[in-house]
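>
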Amino acid sequence: MTIAVIDYGMGNLHSVAKALEHVTHEHVVITRDPRVIGGATRLVLPGQGAIRDCMGELERTELKGLVQELLAAQAKPLLGICVGQQMLMDASEENGGTTCLGFLPGKVRYFGQNLLDENGERLKVPHMGWNQVSQRQDHPVWEGIEDGTRFYFVHSYYVEAERDGDVFGTTRYAGIDAHVATGQDTVFAVQFHPEKSAGNGLRLLENFVTWAP
Amino acid sequence: MGLAKRIIPCLDVDAGRVVKGVNFVGIRDAGDPVEVAKRYNQQGADEITFLDITASHEDRATTVEMVSHIAGEVFIPLTVGGGIRTCDDIRTMLNAGADKVSINTAAVINPSFVREAAERFGNQCIVVAIDAKRVSADDETLRWEIFTHGGRKPTGLDAVEWARKMVDLGAGELLLTSMDRDGTRVGFDLALTRAISDAVPVPVIASGGVGNLDHLVEGITKGGADAVLAASIFHFGEYSIPHAKRYLAEHGIEMRL
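Below is the structure:
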C-alpha cells in the first residue's frame, strides 16, 4: 500500500507528503521511479510554477508517457493538485500556449490583468488566499466537507472544463466561476491546496486515501 | 462572498524562542515556536510567518528543525524569512516544509537573486519583504525609501519603484513593513500601504505598528492590503485570532471564520 507523490522536479512536494502522512498509515513516498509509481496504489500529481516548465520536466524525466498510460488505464485513484489539476486539460494559455496531458477536454485560462472588484479595489493576481468552493456534484472526496467551505488557493490561471459532468466544484473570482475541482472515474483534481487548507483540507486528503472508485 | 482577507500572526524567533520583535526594547519571551504555531493554527490563523532573527550561525540548524516540526503539525501556509540569501537556503527551508520564503536584504544586495529564485521555485513561493521609511518632509509629496539593517541603513531606493521592480523580477507577494511604525502600536502607515498596494498586481501584506483591531481594519479598508500581519497583539493574549476575525467581519471585511 503505497501512495506515490510524483516528483518530476517542480515545486515543493514536502508539504503534500507531510499532510498525507498525517491522515494515513499507508506508506507515502515522493518519487520519480517509474516502477514505484507503476506499483503504487494511489497517485498524487502535484505542480507549482509555470505550466510549460511542469510539462517540460514531466517529459524530461520520462514520466509523461507513464502518467498518460496510468490515466488512460483508470486503474488507480489519482489526485491532481494546483498545476497538477491544470496539466490534465488539453492546453493552457500560459507561456504563450502550452499543450497539456489532454485527459479532460477543456482549457486553462488567465484571470487577466488590471481587474477591479465591485468596490473598485484592484483585484490581485495571483488569486491568493482562502476562497469558497461550491460543490457542483456529490463526490466521495467531498464527504464530510460542507458546501461553500474555504480552501487555500495560489494561482493566476484556472481550469475551464468543456463538459459539465467533469466539474465537481467552482470558485468565484474576478467574475469568473473557475472549475476548481474536476475529475472523471478514478481521477479527482483540485486547483486549491488541500495540504494547506487546515482541517477541511486534511479531511479531503483523508477522503482521497480511502476513496475506492 | 469571495476571497477572504488574511490575518497572519508573525513569530519572531531568536535562538529557538518566540520573542516580541526585533524593534522592541527589552525582548519578552513569548514561548516555544512549535506550540505558538499550533495554537494559532487551532485558533484559525490564515497563515503563519516565521521570522528568524537569530544572529549566530549554529542556531540556524535549530530553525530548520523547528520549521520542520511546525510543518508536520500545522497545515496552513507557512512563510519563513530571515537570512535567506541563496537558492540553497530556499531549498533547505522548502524541504523542511515551508511553503514560501521571504527575501529581504539579499534582494537589496542582489536584485537578480529574486529572479533566480522565482524561476527556480516559482513566483508563488517568493515573498519579498520591503522595509520602508518615510523620507519626505512634511510639506513635500509623500516619499518612502527602502532601509536595511532594521531600519538603520538607507539605500536611496524609492519604495514604490522598488516594489514594482521586485514584482517584475518575480515576487509573488510583498511583505511591507513601515519602519517608522514597527513596534509603535499606533497603526500601519496607511498612505504607504495604499501607495504600494495600488502600484503592484500581486497581494500585499501590511506590517508594522498594529496596536489594536481597528488598525487591522484600516490596513485593509484604507490601506488596500490583502493580508495583515501582527505579532505582539496576539502573542500575549491581548486579542485572539477568532476575536480579531469576528471584529473585521463585523466591519464588512470578508473573512474565513
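These protein sequence lines are chains A and B, in that order.
Position 30 (the first sequence) corresponds to 1017 in this note's numbering; numbering is contiguous.
Position 98 (the second sequence) corresponds to 1465 in this note's numbering; numbering is contiguous.
Just so it is clear, CB atoms sit at the ideal spot from N, CA and C, and this is done for glycine as well.
With 8 Å as the threshold, decide whether the Cβ of valine 1389/B is near any Cβ in chain A.
Locating residue 1389/B in the second sequence gives position 22, where the first residue counts as 1. Reliability fails at valine 1389/B, whose pLDDT of 48 lies under 50, so the model's placement of it is uncertain and the value that follows must be treated cautiously. Not an interface residue.
> Going residue by residue through the segment 1417-1487 of chain B, where are the continuous beta strand (DSSP E) segments of at least 3 residues, counting only ones entirely within it?
Runs of the beta strand (DSSP E) inside the segment 1417-1487 of chain B: 1445-1448, 1467-1470.
> Between the beta-carbon of valine 1196/A and the beta-carbon of isoleucine 990/A, is there less than 8 Å?
Here residue 1196/A refers to the residue found at position 209 of the first sequence. Here residue 990/A refers to the residue found at position 3 of the first sequence. Against a cut-off of 8 Å, the Cβ pair of isoleucine 990/A and valine 1196/A comes out as a contact.
> Closest to serine 1545/B by CA distance: which of Tyr1614/B, Leu1615/B, Phe1514/B is it?
Taking the second sequence and counting its residues from 1, the one referred to as residue 1545/B is at position 178. Comparing Cα-Cα distances from serine 1545/B to each of Tyr1614/B, Leu1615/B, Phe1514/B, the minimum goes to Phe1514/B.
> Determine the DSSP secondary structure at histidine 1142/A, reduced to helix, strand or coil.
Translated into positions along the first sequence, residue 1142/A becomes position 155. Residue state, collapsed to three classes: strand.
> Report yes or no: is there a C-beta of chain A within less than 8 Å of the C-beta of asparagine 1579/B?
As a working note, residue 1579/B is residue 212 in the second sequence. Cβ-Cβ to chain A under 8 Å: no for asparagine 1579/B.
> Scan the segment 1557-1569 of chain B for residues whose Cβ lies nearer than 8 Å to a Cβ of chain A and list them as they occur along the chain.
So the list reads Ser1564, Asp1565, Pro1568, Val1569, given in the order they occur along the chain.
> What are the start and end residues of each continuous beta strand (DSSP E) run of 3 or more residues lying completely inside the segment 1478-1549 of chain B, in chain order?
1493-1501, 1511-1515, 1520-1525, 1540-1545, all fully within the segment 1478-1549 of chain B.
> The beta strand (DSSP E) that contains valine 1571/B, what's its start and end?
The sequence position of residue 1571/B within the second sequence is 204, counting from 1. Start and end: 1571-1574.
> Using a cut-off of 7 Å between C-beta atoms, extract the partners of lysine 1111/A located in chain B.
Position 124 of the first sequence, counted from the first residue, corresponds to residue 1111/A. What lysine 1111/A touches in chain B: Pro1568, Val1569, Pro1570, Asp1593.
> Using the beta-carbon count (16 or more within 10 Å), is lysine 1111/A buried or exposed?
The residue labelled residue 1111/A in the question sits at position 124 within the first sequence. Buried, by the Cβ-count rule.
> Under 7 Å Cβ-Cβ, which residues of chain A neighbour glycine 1369/B?
Your numbering for residue 1369/B matches position 2 in the second sequence. Residues of chain A passing the Cβ test: Asn1118, Arg1159, Tyr1160.
> Step through the CB atoms of chain B and report whether any lies within less than 8 Å of the CB of tyrosine 1144/A.
Reading the first sequence from its first residue, position 157 is the one you call residue 1144/A. It does not; no Cβ of chain B falls within 8 Å.
> Looking at the C-beta of tyrosine 1097/A, does it have a partner C-beta in chain B at a distance below 8 Å?
Along the first sequence, one-based indexing puts residue 1097/A at 110. Taking Cβ atoms only, chain B never reaches closer than 8 Å to tyrosine 1097/A, which makes this a no.
> Got a sec: which bits of the segment 1474-1498 of chain B sit with their beta carbon under 8 Å from any beta carbon on chain A, in order along the chain?
So the list reads Phe1488, Gly1489, Asn1490, Gln1491, Cys1492, given in the order they occur along the chain.
> For alanine 1465/B versus threonine 1453/B, is the C-beta spacing smaller than 8 Å?
Against the second sequence, residue 1465/B aligns to sequence position 98. Against the second sequence, residue 1453/B aligns to sequence position 86. Result no, Cβ atoms of alanine 1465/B and threonine 1453/B do not sit closer than 8 Å.
> Return the Cβ separation of leucine 1050/A and isoleucine 993/A in integer angstroms, given the expectation that the two are a contact with Cβ distance under 8 Å.
Taking the first residue of the first sequence as 1, we reach residue 1050/A at position 63. Taking the first residue of the first sequence as 1, we reach residue 993/A at position 6. Yes, they are in contact, since the Cβ atoms of leucine 1050/A and isoleucine 993/A sit about 7 Å apart, within 8 Å.
> Between the segment 1429-1444 of chain B and chain A, which residues of the former have a C-beta closer than 7 Å to a C-beta of the latter?
So the close ones are Ala1438, Gly1439, Phe1442, Ile1443, Pro1444.
> Can you tell me where the beta strand (DSSP E) with tyrosine 1606/B in it begins and where it stops?
Reading the second sequence from its first residue, position 239 is the one you call residue 1606/B. Looking at the DSSP string, tyrosine 1606/B is not in any beta strand (DSSP E), and its letter there is neither H nor E.
> At 8 Å on the CB atoms, spell out the chain B contacts of leucine 1189/A, in chain order.
Within the first sequence, numbered from 1, the residue matching residue 1189/A stands at position 202. Per Cβ cutoff of 8 Å: Phe1442.
> Which residue wins for smallest C-alpha separation from glycine 1186/A, given the options His1436/B, Ile1493/B, Gln1410/B, Val1494/B?
Here the question's residue 1186/A lines up with position 199 in the first sequence. Glycine 1186/A has its Cα closest to that of Gln1410/B, out of His1436/B, Ile1493/B, Gln1410/B, Val1494/B.
> Return helix, strand or coil for tryptophan 1129/A, following the three-state DSSP convention.
The sequence position of residue 1129/A within the first sequence is 142, counting from 1. Residue state, collapsed to three classes: helix.
> Mind pulling the chain A residues with CB within less than 7 Å of glutamate 1540/B?
For the purposes of this step, residue 1540/B is identified with residue 173 of the second sequence, where counting begins at 1. Residues of chain A passing the Cβ test: Met1115.
> Along the chain, where does the beta strand (DSSP E) containing cysteine 1087/A start, and where does it finish?
Mapped onto the first sequence, residue 1087/A falls at position 100. First-last for cysteine 1087/A: undefined, no H or E at that position.
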